[in-house]
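Chains as they are written, first to last, in the working numbering: chain A, 1 to 189; chain B, 1 to 712. From the three backbone atoms N, C-alpha and C, an ideal C-beta is built for every residue, glycine too. None of these values were measured; they are calculated from a predicted model.
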Amino acid sequence: MISAILIFLGLALVFGLLLGYAAVRFKVEGNPMADQIDNILPQTQCGQCGFPGCRPYAEALANGDSEVNLCVPGGHEVMIQISEITNREPKEMEEVPEVAEGKIVAVIDEDTCIGCVHCIKACPVDAIVGATKLMHTVIESECTGCEKCVPVCPVDCITMIPVEPTLQNWSWAEPDPTANTRPLIEKFS
Amino acid sequence: MKTGFFKFLAKIYPMAKRRLYRFSGGVFPRYNKSLSKQHPIHKSFIPNELILPLHQHVGVETEPKVQVGDKVLKNQCLAESKKGLSAPVHAPTSGEIVAIENRTLPHPSGLTGLCIVLKPDFKDEAIDNILKTDGKTPSDPKALKELVYRAGIVGMGGAGFPTFAKIPDEKGKIHTLLVNGAECEPFITCDDILMQTHPKDIIHGAIIVAEALGCERIICGIEDNKPEAIESMQAAVAELDHPNLVEIQPVPTVYPMGGQKQLTQQLTGIEVPAHAHAVDIGLLMMNVATFAAIFHAVRHGKPLTSRYVTVSGLGLNHPFNIEALIGTSFEDLVELAEPKTKLNYPLVQGGPMMGFEMPNNHVPVIKTTNCILANPPKPAEMVMPCIRCGECMDACPVNLLPQQLYWHARSHEFDKAEKLNLFDCIECGCCSFVCPSHIPLVQYYRFAKGEVKKNKQETLATQRAKERHEAKLAREERIKQEREAKLKAKKEAVKRKAANEAEQEASTPAPEQKAPSSAAAAARAAAARKKAAQSSDATTTESTATSEDEKQPGAPLSAREKAIAAARKRAEAATEKSEPQAATNPAMSARGKAMAAAKKRAQAAAKKSENTESESETAKDTSSHTAEVDSPELDAKTRARLAAQKRAQEMAAKRQMQADQTEISAQEENTAKVEEAPVVDKRQAAMEAAKKRAAARKKPLPDNTETSGSDS
Ligand code: SF4
Ligand code: SF4
Ligand code: SF4
Ligand code: SF4
């Protein structure tokens, strides 16, 4: 009886020490939850969440001082993921204005651009190149479609356009599970 | 013995046929091959218009080398690209380029792509041996690859992968060359016809490749439902010098026997690993038509401009095979076959198992088009829920679990589908074919594959966006810190100088004349940097001003102006000053006063710094941030901001001066105070004059702000 108690006490002590050591030795720096959230945010850096970018929103979420449903580009899916990570109730997305399906990118009308460089400063991912009083242009592959450059342009020469599908990025649409099929070959012949 | 038993068993249990070959699964559709085979090969046909897409292969689009209006000859190269994996496009006949424009491509997406439109002149004038070959077999793989590239040959079985990219660079890497003559899709007979009519082209093409690559063996697999093809190929082999080199091997008829991995396994017994290519294990397989094209390129220097196409289907009266020019439209070919009813249904490119319905019937034959199918649409089948019968699993030639893949794809669990080797699916359609619930399984896999690829790209893009955003934030932070450090240093300098000056004024009251001037000089130095040009005029006599101005050869006009202004200012100062200051310091010259003015400016600047200075700093720094993108912007911006600031200061000074002047007249007799007030007044006057001058000078010479500032 006594020996059993002693053995378990000893075991408890040993594991307690081990756990204590591990907690010190393998301490995680920073806020892992913020990193985790940051990784699932779309990184559009559009600021529609009310924060200056995705990272600040992730940090605010990790600290618990923000709602889970603020990221508009992320939509419902990201909201669900966030609420899973933060262990909070999912909250319906607020009514968002109708956004075009698929990726959109900014395009500068190069004839109208006066080269005021406002858009360069507004772009969160440095996707605009140009020089003072010279034409500016958007690097399409780097544009996240955040629309931050649109309001700052004094001559309104930036428009957001959907990315056209090309042979390279085209992919098959999802089949409609309720629709009938029309096989090209008769079966069981 | 074993074969015989299973053949017998198949009569009562058809699936026993699955025991007759080496891979698992497979299906046995109704082949309908006799439809197109029973008619003779259609005579060659030149349509009224050839549409040549620039993108007929896997890889990057080619770039046109011709212009609208150019007359071209047959075999002439029309487009190529040096930018990556691609295959040049050649003119299939002679004629005129009438357009280079977007046309619908024979692709399930229905997308348009740039096409060269050729209007044939029906003379069919050709450039012979355009590839400039000597007809000899290339001795090493590199020479062969180069020739195959220039001939624009791509995999003609349907994949469209540029053939040159499939050929390894070193000799001896490939020990066995495989010739794919299986042609397992129902309806299609073009390879069969090619093997019957041009067996020598195929065999010699294979021998050319085998010699160039140093292969020891050539095995040609032909499905046993094509006895004529097997016979003619065997006859061609028997005529060779070394008939032992080539082996014609009949293989069982099963769909998808023509799949690369399936035929490889059947012919060699080797199952190609999931993530490897046949080339990695010393095997190279090409379609019979590809070998024939290689033969023509090497022996006759003829690029790929035509191919055998099967035009078949239940909706045609006279299905046939034809050596069609690349670019002939589907519609034209089908019209030749006399459709039973008007063509109001979509044509299919490829066979019924793997083919696609075309979005538009006016699409061209491209290098990969092996069959055009005109089957009137069948009644739609109702899709029922999966009953987990397992038929699909038994039919899958790659041993996948189609049913599981289907569930995962349908519920968007793409990671799980990927774990079940979704990407090994060859989209053969066997599973959809056998599914009793009519579930379009392959379409789910295609969708899932697309989504997985898209997600991967999105993850990459997100990652990049994050990095770029962080880089931008870091840069902004750095610039902010630098700016703050600069600002702090400046403020301290100004403070220190002000303190110095106060000290000196206090400690040496007697030699008043010198002390303020030296203190002012120090203050001026600080102020000079900001106020630039004007301090130089304000603090110098006319002679010094001119001498200084002479140092700036670019500004003779402004020098004169300065001189005039300085003189005027001196006169003003003298008249105004004489009364109150005569008693205390009659010797004080205009120069001393001006220095005092400069001093005051420095103090004012220090006081004002919260607003104006920080603002100008922001201006500078934001512009220096953008200067990382481009430098000319800096000057323009700073200049504009500085000018605006100066104008504002000038206005403020004017207003203050008016107020001061009225005050002064009242206070003139009050000697105790007077000593300071007029000085202030005069300082203001001097300052204003100086600013005006600076502004005036700025106009003709906006670039001098920096240099003249440092000059003083
Ligand atoms: S709303 Fe915009 S900035 Fe905010 S988390 Fe979403 S993508 Fe990032
Ligand atoms: S904001 Fe508008 S005008 Fe200014 S540089 Fe950008 S695109 Fe040109
Ligand atoms: S389509 Fe894919 S899953 Fe279906 S049978 Fe063919 S290889 Fe297997
Ligand atoms: S064949 Fe069709 S019904 Fe049968 S298990 Fe596969 S998907 Fe389900």
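Partner residues on chain A for residue i, Cβ-Cβ distance less than 7 Å
i       : result
P352(B) : L184 and I185
V365(B) : Within 7 Å Cβ-Cβ: nothing; V365(B) doesn't reach chain A, min ~18 Å.
G355(B) : L184
Y444(B) : P175
Residue i versus residue j - alpha carbon distance
i       : j       : result
H204(B) : G74(A)  : 59 Å
C776(B) : D124(B) : In the structure displayed, chain B extends from 1 to 712; residue 776(B) sits before or after that span and is not available.
H318(B) : A337(B) : 5 Å
D65(A)  : P56(A)  : 11 Å
L105(B) : Y21(B)  : 37 Å
G181(B) : K173(B) : 23 Å
A498(B) : K490(B) : 12 Å
E147(A) : P339(B) : 53 Å
T112(A) : A143(B) : 52 Å
K171(B) : I104(A) : 49 Å
A485(B) : K472(B) : 20 Å
H175(B) : Q45(A)  : 55 Å
I51(B)  : S232(B) : 34 Å
A10(B)  : K261(B) : 25 Å
P199(B) : E239(B) : 11 Å
G313(B) : I372(B) : 8 Å
A4(A)   : K27(A)  : 34 Å
G53(A)  : K378(B) : 54 Å
D394(B) : P440(B) : 17 Å
Chain B contact residues for residue i, given Cβ-Cβ distances below 8 Å
i       : result
G20(A)  : In chain order: nothing, as chain B lies at least about 35 Å away.
P177(A) : V383 and R410
A173(A) : F447
Q45(A)  : A465 and H469
E142(A) : R464, A465 and R468
Beta bridge counterpart(s) of residue i as assigned by DSSP
i       : result
F291(B) : DSSP lists no partner for F291(B).
K74(B)  : A126(B)
Q249(B) : G221(B)
T137(B) : None; T137(B) has no bridge partner.
T181(A) : E381(B)
M285(B) : L178(B)
M120(B) : It is worth fixing the name first, because residue 120(B) is Pro in this sequence and not Met. Paired residue(s): G95(B).
R88(A)  : Paired residue(s): none; R88(A) is not in a bridge.
I202(B) : DSSP output for I202(B) lists no bridge partner at all.
R307(B) : A324(B)
Contacts around residue i, its chain only, beta-carbon distance under 8 Å, and the 5 residues preceding and following it disregarded
i       : result
R410(B) : Y444
P154(A) : I114, C116 and H118
L420(B) : L400, L401, Q404, L405 and H408
M257(B) : Y21, G26, A182, C184, G221, E223, V251, L263 and Q266
R30(B)  : P186
Residues that residue i contacts on chain B, provided the C-beta gap is smaller than 9 Å
i       : result
P165(A) : S109 and L111
C74(A)  : A small fix is needed here, since residue 74(A) is Gly in this sequence, not Cys. Here the premise fails: no neighbours, minimum Cβ distance about 11 Å.
D35(A)  : Neighbours of D35(A) on chain B: none; closest Cβ ~11 Å, over 9 Å.
Contacting residues, own chain, Cβ-Cβ under 6 Å from residue i (five flanking each side not counted)
i       : result
E427(B) : V442
A108(B) : Reading the sequence as shown, one finds Pro at residue 108(B) and not Ala. Excluding residues within five positions, the ones whose Cβ falls inside 6 Å are F356.
E613(B) : Bear in mind that a pLDDT of 42 at E613(B), under 50, signals an unreliable position, so the number given afterwards is only what the model happens to contain. So no residue of the chain qualifies.
H57(B)  : A87, V154, G160 and P162
K226(B) : D192
E174(A) : none
P364(B) : I51, G327 and S329
R299(B) : G135
A210(B) : L177 and I218
Cβ-based neighbour list, residue i, same chain, cut-off 7 Å, excluding 5 preceding and 5 following
i       : result
C149(A) : A106, C119, A122, C123, I128 and I158
Contact list for residue i against chain A, beta-carbon separation under 8 Å
i       : result
K453(B) : S171
A380(B) : N180, T181 and R182
Contact test: residue i Cβ vs ligand 6 heavy atom, cutoff 8 Å
i       : result
L405(B) : No copy of ligand 6 appears in this structure; the ligands present are ligand 1, ligand 2, ligand 3 and ligand 4.
Chain C residues whose Cβ lies nearer than 9 Å to that of residue i
i       : result
N244(B) : Of the chains in the structure shown, none is chain C; the protein chains are A and B.
Minimum length 3: unbroken beta strand (DSSP E) runs contained in the stretch 310-377 of chain B: Correct list: 320-325 and 371-373.
In chain order, each alpha helix (DSSP H) run of at least 4 residues that lies wholly inside the stretch 137-173 of chain A: 149-152, all fully within the stretch 137-173 of chain A.
Whole runs of the alpha helix (DSSP H) within the stretch 78-110 of chain B, excluding any shorter than 4 residues: Correct list: empty.
Whole alpha helix (DSSP H) elements within the stretch 9-65 of chain B, 4-residue minimum: Annotation: the stretch 9-65 of chain B contains the following complete segments of the alpha helix (DSSP H) (minimum length 4 residues), in chain order: 34-37.
Complete runs of the beta strand (DSSP E) confined to the stretch 104-130 of chain A [at least 3 residues]: Counting only runs of 3+ residues, the beta strand (DSSP E) found wholly inside the stretch 104-130 of chain A occupies 104-108, in chain order.
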